[in-house]
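Using our numbering, the letters of the sequence shown correspond one by one to residues -18 to 672.
Built from N, CA and C at the ideal position, the CB exists for glycine as well.
Encoded as structure tokens, the structure appears first; notes follow it.
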Amino acid sequence: MPDRHPVARLPRRLVIILTLILLLAAFFRFWQLGSFPPGFYHDEAYNSLDALSLTQGKTFPQFYEGWELYAQDAHAERPPTETRFPLFFEGNYGREPFHIYLMALSVKLFGPTPFAIRAVPALFGVLAVLTTFLAAKALFRPPTTDHRPPITIITPLAAAFALAILFPAVHFSRFGLRAMLFVPVETLAVYFFWKAVNYPITQSPISRSTLYFLISGFLVGFGLYIYAAARLFPLLFIVFVPVWFWRDRAALRAHWLNVGLMGGTAVLTALPLLIFFWQYPYFFVFRIAYVANKGKGAVEGKPYLTWLLNVPRVIVSFFWRGETHLRHNLPGRPYLDPIQIIFFLTGIFSIIRRLFQPRIFFLFLWLAVMLLPTIMSGDAPHFGRMTGAAPVVAIFIGLGVDTVYSVIGNRLSVIGKRSPITGYRLPITVYGLLITVLLLSAAWTGYDYFVRYANHPQIEADFYLPDWQMGQYAAQMSEDAIIYLTPAQEELATIYFALADPDRLQNYTGSETLLPLGVPGRESLYLVRPFDPLTLPRLQTIFPDGTVDPAADNYTPFHVSADAPRNLAQNRTDHSFAGKIRLAGWTESREADSVTFTLFWQAEDEMAQDYTAFIHLIDETGQPVAQIDRPPDGRPTNDWLPGEIIMDSFTIPLPPDLPEGGYTWITGFYYLPTLERLGKAATIESADFAD
């Protein structure tokens, strides 16, 4: 690269330029953040539920959507330690804590809204632009004892601009996930490492250089609390330092102790989380194993082959065909736009001939390490897992801009005024040309993101807008109202967060037999999905005074007042099963070869067990001659609310050769794993149930 004049500090005008770049980054990340992306995707909402639980002072671990079943495997040998401030959040494959604590703080400030959750990665996305500038500036600034001219300030400035407008960086800064929070920590670790290397060597064993190494080590260790991909980040220094010391013995003599202290600081910083993983190794490998073996590119049983095949896929994704997952990218859009591609390749070719110079080698190694998370996954290219590579890509783009700037500047240096930035003589038209090209790239990102991506026909569904709108509708109900959703679905976090309370939603599968009738004295709202065609007609029959609101695209709301009758049994009774469930009544209908009982149960208390219901026809000797045993259809007893009435129908086939005589119907509950009955069975007497 051409010789350049050293830059001792940022002139005021460059501070202004950097500020403008940060404002541009803030615009891309915060504009319409509360409404775009539309809706609120499941993983964002799951993070938000943990953040909300932190603000509510709940005890962890907390699980939603049945994730406690996975936790049972994790805690098979060691029970969980209950705490209000966990080191690791165990639900949804397990997540690092830093972003959730920051989201909890944001929820405290702004309330439980998508903006509060997304503002955290958006803020760190802006911060990443500044820290990328600092990292590039430190990386290409030789020590004060080295009189070789450094790269101009153009490289870090252009790198900051590139990251500010990089499409994937913009998107994942607006997505309530944790990936973007790692970028400022990653780049600050690089910044302090090279700031330590650049600092003059002194006779004192502890100097400012030592402090910078310690800060870098702390940040390397702290990255493990942010993002799973950060577990690979230390590999950058583990590989680089031996190569650096081998090629530069003076660096070995000057920095071996400080680098050792840096490594020790990193380990000590990460130690609490490492101890957690040692106690519960399940959570260390669970997410990694899932990611590595899921996706179209995964080769079953041969991870090394998956990784090998992923390398060209990832490389191609920069220039030609990018990730096709709509939630992560405008499908097929390359990681870089054509302008960025030109500068990126120019930056690579401008320094690749000096690959084995320590700083150049470090930059290429940094890129390779941060691409490993997507290379080692089954669905590469995955732009979310490439987030750690974004600042390195931006620095290469910055190098490309700097190279173009310098080449044109050298050729035209005899014309025009001296540049106020570098001291080169350079026509003002070159400034205008480069700025115009870079602004064109920014406009390209803006159009692709806020126009093409925003108007994609599937984006609302992919970001769960229907679930978010349904949850917001239900949240308008009084706090005492019971909210039912049918049919049951696995992913409920979006609705839970819209309600600001997972316990408010009663999720069940509507069927021909079971129908929850709510709690007497409390209003009920039924959210009936189109996939359940049976429930709404039954509700309208049972609650003729209920009201149907205008249907949305994905659900029909049905309101039942607090004073609506809920025990519609022809025969009333008051039999209690061990103080847990009360049989309030029943109706009976006969066919030639079967009997149908519709039972009305009322929960008397919360239940931890999922009980099986039974109806038996017994003869005079107490032996069953006909029976049906099954759990309540679509709503297990451990989901029943105290006071809730459940209507469920059972059809029992009668034996064709049933002799005349005295028979009795009995009903009750038992716990299937042990066959232990819940209290005594209730007797149903009918004079004509057998001929």
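Fill in: Collapsed DSSP secondary structure at N488 in the structure displayed
Taking the first residue of the sequence shown as 1, we reach residue 488 at position 507. The three-state reading of DSSP puts N488 in strand, counting E and B together.
Worksheet entry | For F345 and N310, believed in contact at Cβ under 8 Å, the rounded distance | By one-based count along the sequence shown, residue 310 stands at place 329. By one-based count along the sequence shown, residue 345 stands at place 364. N310 to F345, Cβ: 25 Å. No contact.
Worksheet item: Is the Cβ-Cβ distance between D614 and T593 less than 9 Å?
Response: Residue mapping note: residue 614 aligns to position 633 of the sequence shown, counting from 1. Residue mapping note: residue 593 aligns to position 612 of the sequence shown, counting from 1. The answer is no: Cβ separation not under 9 Å.
Worksheet item: Within this structure, are the beta carbons of Q43 and S34 separated by less than 9 Å?
Response: If you number the sequence shown from 1, residue 43 lands on position 62. If you number the sequence shown from 1, residue 34 lands on position 53. Yes; because the gap between Cβ atoms is below 9 Å, this pair is in contact.
Discussion item. So, does the segment 242 to 249 touch the segment 197 to 208, judging by three or more C-beta pairs under 8 Å?
Written reply: Three or more pairs of CB atoms, one per stretch, sit closer than 8 Å, so the segment 242 to 249 contacts the segment 197 to 208.
Worksheet entry | Residues near A565 by beta carbon distance below 6 Å, same chain, minus five either side | In the sequence shown, residue 565 corresponds to position 584, counting from 1. So the list reads N548, F581, Q583, once near-sequence residues are dropped.
Fill in: Member of F11, L622, E167 whose CA lies at the smallest distance from the CA of P95
For the purposes of this step, residue 95 is taken as residue 114 along the sequence shown, with counting starting at 1. Closest option to P95, judged by alpha-carbon separation, among F11, L622, E167: F11.
Discussion item. Could you compute how far the alpha carbon of S422 sits from the alpha carbon of A481?
Written reply: Here the question's residue 422 lines up with position 441 in the sequence shown. Here the question's residue 481 lines up with position 500 in the sequence shown. Going from the Cα of S422 to the Cα of A481 covers about 40 Å.
Discussion item. Quick check on the burial criterion: 16 or more other C-beta atoms within 10 angstroms. Buried or exposed for E666?
Written reply: In the sequence shown, the residue the question calls residue 666 occupies position 685. Counting C-beta atoms within 10 angstroms of its own C-beta, E666 has fewer than 16 neighbours from the protein chains shown and is therefore classed as exposed.
Worksheet entry | Range covered by the alpha helix (DSSP H) that runs through Q590 | Taking the first residue of the sequence shown as 1, we reach residue 590 at position 609. Q590: not part of any alpha helix (DSSP H); DSSP gives it neither H nor E.
Fill in: Anticipated Cβ contact below 8 Å, A462 with A479, distance rounded
In the sequence shown, residue 462 corresponds to position 481, counting from 1. In the sequence shown, residue 479 corresponds to position 498, counting from 1. Between A479 and A462 the Cβ distance is about 15 Å, and since that is not below 8 Å, they are no contact.
Worksheet entry | Closest by C-alpha distance to G624, when choosing among R503, F258, E71 | The count along the sequence shown starts at 1 and reaches residue 624 at position 643. When R503, F258, E71 are compared, the shortest CA-CA separation from G624 is found for R503.
Item to complete: Could you pull out every residue in the same chain whose Cβ sits closer than 6 Å to the Cβ of F343, ignoring the five residues on either side in sequence?
Response: For the purposes of this step, residue 343 is taken as the residue at position 362 of the sequence shown. Excluding residues within five positions, the ones whose Cβ falls inside 6 Å are F221.
Discussion item. DSSP three-state label for V500, please.
Written reply: By one-based count along the sequence shown, residue 500 stands at place 519. Residue state, collapsed to three classes: coil.
Worksheet item: Between L144 and R230, what straight-line distance do the alpha-carbon atoms span, to the nearest angstrom?
Response: Numbered from 1 along the sequence shown, position 163 holds the residue referred to as residue 144. Numbered from 1 along the sequence shown, position 249 holds the residue referred to as residue 230. Going by the C-alpha atoms only, they are around 35 Å apart.
Practice prompt. Assess, as a yes-or-no matter, whether the segment 11 to 21 is touched by the segment 435 to 443 under the definition of 3 or more beta carbon pairs within less than 8 Å.
Written response: Contact between the segment 435 to 443 and the segment 11 to 21 is present, because at least three Cβ pairs lie under 8 Å.
Worksheet entry | Backbone CA spacing between Y208 and R189 [nearest angstrom] | In the sequence shown, counting from the first residue as 1, residue 208 sits at position 227. In the sequence shown, counting from the first residue as 1, residue 189 sits at position 208. Approximately 29 Å, taken between the alpha carbons.
Worksheet entry | Where N552 sits in the DSSP three-state scheme | Translated into positions along the sequence shown, residue 552 becomes position 571. Here N552 sits in strand by DSSP.
Discussion item. In the DSSP assignment, the beta strand (DSSP E) including R76 goes from what residue to what residue?
Written reply: Start at 1 with the first residue of the sequence shown, and residue 76 comes out as number 95. Run containing R76: none; DSSP gives neither H nor E here.
Fill in: C-beta neighbour in chain C for I(-2), strict 9 Å
Annotation note: the requested chain C is absent from the structure, which comprises a single protein chain.
Worksheet item: How would you write the range of the beta strand (DSSP E) that H56 sits in, first residue to last?
Response: Stepping through the sequence shown from its first residue, residue 56 is reached at position 75. Element bounds for H56: n/a, residue is neither H nor E.
Worksheet entry | Local Cβ density within 10 Å of E493, reported as buried at 16 or more and exposed below that | One-based indexing of the sequence shown puts residue 493 at position 512. When all chains shown are included, E493 counts as exposed.
Item to complete: State buried or exposed for A57, treating a residue as buried only when at least 16 other CB atoms are found within 10 Å of its CB.
Response: For the purposes of this step, residue 57 is taken as residue 76 along the sequence shown, with counting starting at 1. Result: exposed.
Worksheet entry | Rounded C-alpha distance that separates A533 from A543 | For the purposes of this step, residue 533 is taken as the residue at position 552 of the sequence shown. For the purposes of this step, residue 543 is taken as the residue at position 562 of the sequence shown. Each residue's Cα considered, the two are about 24 Å apart.
Worksheet item: Mind checking E25: buried by the 16 CB within 10 Å criterion, or exposed?
Response: Counting from one through the sequence shown, the residue named residue 25 turns up at place 44. Looking at its Cβ environment, which holds 16 or more other Cβ atoms inside 10 Å, E25 is buried.
Worksheet item: Considering only residues of the same chain and omitting the five flanking positions on each side of E472, which have a CB-CB separation below 6 Å?
Response: Within the sequence shown, the letter at position 491 stands for residue 472. If we look at E472 and ignore the five residues flanking it on each side, its Cβ neighbours are H23.
Discussion item. Can you tell me whether I134 is helix, strand or coil according to DSSP?
Written reply: Stepping through the sequence shown from its first residue, residue 134 is reached at position 153. If DSSP states are grouped into helix, strand and coil, I134 belongs with coil.
Discussion item. Using a Cβ-Cβ cutoff of less than 7 Å, which residues in the same chain neighbour A85 once the five nearest sequence positions on both sides are dropped?
Written reply: Position 104 of the sequence shown, counted from the start, is the residue given in the question as residue 85. Take A85, set aside five residues on each side of it, and the residues of its chain with a beta-carbon closer than 7 Å to its own are A32, L35, T36, in chain order.
Discussion item. Quick check on the DSSP output: the alpha helix (DSSP H) that includes T475 runs from which residue to which?
Written reply: Against the sequence shown, residue 475 aligns to sequence position 494. Unbroken alpha helix (DSSP H) run through T475: 474 to 480.
Practice prompt. Enumerate, from N- to C-terminal direction, the unbroken alpha helix (DSSP H) stretches of 4 or more residues contained entirely within the segment 228 to 299.
Written response: Counting whole runs of 4 or more residues, the segment 228 to 299 contains the alpha helix (DSSP H) stretches 230 to 260, 262 to 274.
Item to complete: Pick out whichever of I633, I135, V178 has its Cα sitting closest to the Cα of F377.
Response: Sequence index remark: in the sequence shown, residue 377 carries index 396 (1-based). Considering only alpha carbons, the answer is I135.
Worksheet item: Taking C-alpha atoms, which residue in Y263, L508, F539, R334 lies nearest to T673?
Response: In the structure as shown, the chain begins at -18 and stops at 672. Residue 673 is therefore absent and cannot be evaluated.
Fill in: Where the beta strand (DSSP E) through F578 begins and ends
The count along the sequence shown starts at 1 and reaches residue 578 at position 597. Judged by DSSP secondary structure, F578 falls within the beta strand (DSSP E) whose first and last residues are 575 to 584.
Worksheet entry | Simplified DSSP state of M451, which is helix, strand or coil | Position 470 of the sequence shown, counting from 1, holds the residue named residue 451. Helix at M451.
Worksheet item: Can you tell me whether DSSP reads T664 as helix, strand or coil?
Response: Position 683 of the sequence shown holds residue 664. Three-state result, T664: strand.
Worksheet item: Is L517 near L486, with beta carbons less than 9 Å apart?
Response: Position 536 of the sequence shown holds residue 517. Position 505 of the sequence shown holds residue 486. In this structure, L486 does not lie closer than 9 Å to L517 by Cβ.
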